[in-house]
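**Q**
In the working numbering, the protein residues as written are 1201 to 1720.
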């Protein structure tokens, strides 16, 4: 029976290695099956010898197809298990973090003892009170139980998928006439980024190219797909989206010009405004990308027209190969039409500076302007954390997609830094708190209303990798969020390392009367 002691030793590394080896085996088998089919097609003569050859080749093809199906199932099952082990490892880390924060001890059997303490209090009668850490201990014990149960689920699911393969009873839903033999033709919506990455890398170059062409709206925003493929899919659909937005705008304008009814005019005017915003957002993506070519290192990693506003992410440099990757998350008031170009220019400058500081060529650094969430557009929206939580879910998935695609392709683990400004810093803090411990290496918050956590150890990162830059005046946003909702102020939180804490001086005489003059 899997125990707390057992799962502290769990690591996904052997499963990842096995998945890589299974993917290579599958490729070899698919090639052999294709060669056997070609040989069968080449046997065109008649007679006993030809019949015997056809029979032998048919048996060989059948056996190879069965092996492809079995290896494909083992490959995807192993990827699912590796993802589950990461989930367990993250939960174990969170248990250990909570134990350290609350000064508790987890026993070898997973139990968490609690203590009562008698505290003298002369203001009371009797002059003492009894305190205990029972509630904290019970909460931690619940977390330990949950981690162990998750481990048992992972173990049972993996065993359940491999047993039919071992026994020779596995049957694939994807027959040899399938688009991708032995694998799903399209990713399942329940797959993690790791499973998507494993599936994508197991496909042939031709299969991937076909999916980019036929399903660009799926491939372009699917976390786990390599960024080069996402860029091809997204840029391939950008022109059509602009044309559709232009047509929508023209129709809304025509409707407004053609109405004489006041109520209808109000409705048409609002529709025209929304159409204009959508068109300008998409045009901003096109303009920020610039002209394609080898001299232009920009890639379109995300293009999502769902929700309130269009969302996008543009990289400077090659995220698929760079040693160092930085993802920048802006805050309140950000839209594609008003913020994508400026964010991208900041990332151009950051990439150049980082390359110089690290003493490496720019090809080793990639930066990302990530406008992938519906940022609040006013103080009323920014006073709530709902958009930060929703954005954190998207940011967590995106950064995990970078990690998963890199590991599946063999490019290796990049050094990934998330940089969050203003409301985007709280969004980033929530994301890093909830993501897997292998995903982000450093977190930088600046102009932050709140860190997203109550203790720096709540982040799923190694100690010493949380950073803050906070000016000493004229940034009213800094630390303004209520601690219980936004998390504590990183500028005053123990465990954050401070950067320069400097920015430009207050702008002119009237700058002294602007409490947010240095926020941006």
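C-beta: ideal position from N, C-alpha, C; glycine also.
On the premise that residue 1595 lies in contact with residue 1631, defined as a C-beta separation below 8 Å, what is that separation, rounded to the nearest angstrom?
**A** The residue given as residue 1631 occupies position 431 in the chain shown. The residue given as residue 1595 occupies position 395 in the chain shown. Yes, residue 1631 and residue 1595 are in contact; Cβ-Cβ is about 4 Å, under 8 Å.
**Q** Does the separation of the CB atoms of residue 1643 and residue 1661 fall below 8 Å?
**A** Position 443 of the chain shown, counting from 1, holds the residue named residue 1643. Position 461 of the chain shown, counting from 1, holds the residue named residue 1661. Yes, Cβ-Cβ distance for residue 1643 and residue 1661 is below 8 Å.
**Q** One question on the structure: do residue 1691 and residue 1666 come within less than 8 Å of each other, judged by their Cβ atoms?
**A** Sequence index remark: in the chain shown, residue 1691 carries index 491 (1-based). Sequence index remark: in the chain shown, residue 1666 carries index 466 (1-based). For residue 1691 and residue 1666, no; Cβs fall outside 8 Å.
**Q** If I measure Cβ to Cβ from residue 1332 and keep anything under 8 Å in the same chain, skipping five residues before and after, which residues do I get?
**A** Position 132 of the chain shown holds residue 1332. Closer than 8 Å at the Cβ level, and outside the excluded window around residue 1332, lie 1314, 1315, 1316, 1317.
**Q** Excluding sequence positions up to five away, which residues of its chain have a Cβ less than 7 Å from the Cβ of residue 1488?
**A** Against the chain shown, residue 1488 aligns to sequence position 288. Apart from sequence neighbours up to five positions away, the residues of its chain that approach residue 1488 with a beta-carbon distance below 7 Å are 1514, 1540, 1541, 1544, ordered along the chain.
**Q** For residue 1627 versus residue 1529, is the C-beta spacing smaller than 8 Å?
**A** Here residue 1627 refers to the residue found at position 427 of the chain shown. Here residue 1529 refers to the residue found at position 329 of the chain shown. In this structure, residue 1529 lies closer than 8 Å to residue 1627 by Cβ.
**Q** Thinking C-beta only, is residue 1605 closer than 8 Å to residue 1424?
**A** Reading the chain shown from its first residue, position 224 is the one you call residue 1424. Reading the chain shown from its first residue, position 405 is the one you call residue 1605. Contact: yes.
**Q** Quick check on this structure: which residue in 1283, 1232, 1280, 1404 has the alpha carbon closest to the alpha carbon of residue 1262?
**A** Counting from one through the chain shown, the residue named residue 1262 turns up at place 62. It is 1232.
**Q** Helix, strand or coil for residue 1444, going by three-state DSSP, please let me know.
**A** Along the chain shown, one-based indexing puts residue 1444 at 244. Helix.
**Q** Quick one, which of 1245, 1271, 1512, 1522 has its alpha-carbon nearest residue 1220's?
**A** Numbered from 1 along the chain shown, position 20 holds the residue referred to as residue 1220. Out of 1245, 1271, 1512, 1522, 1271 has the C-alpha closest to the C-alpha of residue 1220.
**Q** Taking DSSP as the reference, what is the three-state secondary structure of residue 1419?
**A** If you number the chain shown from 1, residue 1419 lands on position 219. In this structure, residue 1419 counts as helix in the three-state DSSP scheme.
**Q** Can the beta-carbon of residue 1277 be found closer than 8 Å to that of residue 1358?
**A** What you label residue 1277 is simply residue 77 of the chain shown in a count that begins at 1. What you label residue 1358 is simply residue 158 of the chain shown in a count that begins at 1. Annotated as proximal: residue 1277 and residue 1358, with beta-carbon spacing under 8 Å.
**Q** Using 8 Å as the Cβ pair cut-off and three pairs as the minimum, do the region 1279–1287 and the region 1386–1405 touch?
**A** yes
**Q** Give the secondary structure of residue 1316 by DSSP, where H, G and I count as helix, E and B as strand, and everything else as coil.
**A** Stepping through the chain shown from its first residue, residue 1316 is reached at position 116. Strand at residue 1316.
**Q** Please give me, in chain order, every unbroken run of the beta strand (DSSP E) with length at least 3 that falls completely inside the region 1507–1589.
**A** 1511–1516, 1524–1529, 1565–1571
**Q** Terminal residues of the continuous beta strand (DSSP E) containing residue 1620?
**A** Mapped onto the chain shown, residue 1620 falls at position 420. Here the beta strand (DSSP E) through residue 1620 covers 1615–1621.
**Q** From what residue to what residue does the beta strand (DSSP E) around residue 1304 run?
**A** Locating residue 1304 in the chain shown gives position 104, where the first residue counts as 1. That residue, residue 1304, is in no beta strand (DSSP E); it is neither H nor E in DSSP.
**Q** State the Cα-Cα distance for the pair residue 1648 and residue 1613, rounded to the nearest angstrom.
**A** By one-based count along the chain shown, residue 1648 stands at place 448. By one-based count along the chain shown, residue 1613 stands at place 413. About 28 Å.
**Q** Pull up the distance between the alpha-carbon of residue 1703 and that of residue 1718, whole angstroms please.
**A** Reading the chain shown from its first residue, position 503 is the one you call residue 1703. Reading the chain shown from its first residue, position 518 is the one you call residue 1718. Using only the alpha carbons, I get a separation of about 7 Å.
**Q** In the DSSP output, what is residue 1210 paired with across the bridge?
**A** Here residue 1210 refers to the residue found at position 10 when the chain shown is read from its first residue. BP columns for residue 1210 are empty, so no partner.
**Q** Only counting runs of 4 or more residues, tell me where the alpha helix (DSSP H) segments fall wholly within the region 1351–1434, in order along the chain.
**A** 1393–1402, 1405–1414, 1416–1419
**Q** When you compare the CB positions of residue 1445 and residue 1482, do they come within less than 8 Å of one another, or not?
**A** If you number the chain shown from 1, residue 1445 lands on position 245. If you number the chain shown from 1, residue 1482 lands on position 282. Yes. Within cutoff.
**Q** Whose C-beta lies closer than 6 Å to the C-beta of residue 1480 among residues of the same chain, with five residues either side of it excluded?
**A** If you number the chain shown from 1, residue 1480 lands on position 280. Cβ within range, chain order: 1537.
**Q** Take the Cβ of residue 1684 as the centre, count every other Cβ of all protein chains shown within 10 Å, and call the residue buried at 16 or more, exposed below.
**A** Along the chain shown, one-based indexing puts residue 1684 at 484. Per the 10 Å Cβ criterion, exposed.
**Q** What does the Cβ neighbour count give for residue 1675, buried or exposed, with the cut at 16 atoms within 10 Å?
**A** Residue 1675 sits at position 475 when you count from the first residue of the chain shown. Residue 1675 should be labelled buried.
**Q** Distance check for residue 1699 and residue 1673, CA to CA, integer angstroms please.
**A** For the purposes of this step, residue 1673 is taken as the residue at position 473 of the chain shown. For the purposes of this step, residue 1699 is taken as the residue at position 499 of the chain shown. Taking the straight line from one Cα to the other gives about 16 Å.
**Q** Taking the alpha carbon of residue 1624 as the point to measure from, which residue in 1577, 1260, 1608, 1602 has its own alpha carbon closest?
**A** Start at 1 with the first residue of the chain shown, and residue 1624 comes out as number 424. Measuring from the Cα of residue 1624, the nearest candidate turns out to be 1577.
**Q** Out of 1320, 1505, 1600, 1641, which one is the CA nearest neighbour of residue 1616?
**A** As a first step, residue 1616 is located in the chain shown; it is residue number 416 there, counting from the start. Answer by Cα proximity: 1641.
**Q** State the start and end residues of the unbroken alpha helix (DSSP H) segment that holds residue 1683.
**A** Counted from its first residue, the chain shown places residue 1683 at position 483. Unbroken alpha helix (DSSP H) run through residue 1683: 1683–1686.
**Q** Smallest Cα separation from residue 1402: which of 1696, 1418, 1525, 1384?
**A** Position 202 of the chain shown, counted from the first residue, corresponds to residue 1402. Residue 1402 has its Cα closest to that of 1384, out of 1696, 1418, 1525, 1384.
**Q** Between which two residues does the beta strand (DSSP E) carrying residue 1669 extend?
**A** Looking up residue 1669 in the chain shown gives position 469. Its beta strand (DSSP E) spans residues 1666–1669.
**Q** With a threshold of 16 other CB atoms inside 10 Å of the CB of residue 1496, please say whether the residue is buried or exposed.
**A** Mapped onto the chain shown, residue 1496 falls at position 296. Result: exposed.
**Q** Can you tell me where the beta strand (DSSP E) with residue 1504 in it begins and where it stops?
**A** The residue labelled residue 1504 in the question sits at position 304 within the chain shown. 1498–1504 is the extent of the beta strand (DSSP E) around residue 1504.
**Q** Assuming contact is defined by CB atoms lying nearer than 8 Å, are residue 1550 and residue 1566 in contact in what I supplied?
**A** Start at 1 with the first residue of the chain shown, and residue 1550 comes out as number 350. Start at 1 with the first residue of the chain shown, and residue 1566 comes out as number 366. No, the Cβ-Cβ distance between residue 1550 and residue 1566 is not below 8 Å.
**Q** Give a yes or no on whether 8 Å exceeds the smallest Cβ distance from residue 1370 to chain D.
**A** As a matter of chain content, chain D is missing from the structure shown, which is built from one protein chain.
**Q** Please report the distance separating the alpha-carbon of residue 1255 from that of residue 1268.
**A** Here residue 1255 corresponds to residue number 55 of the chain shown, with the count starting at 1. Here residue 1268 corresponds to residue number 68 of the chain shown, with the count starting at 1. Their backbone Cα atoms lie some 20 Å apart in a straight line.
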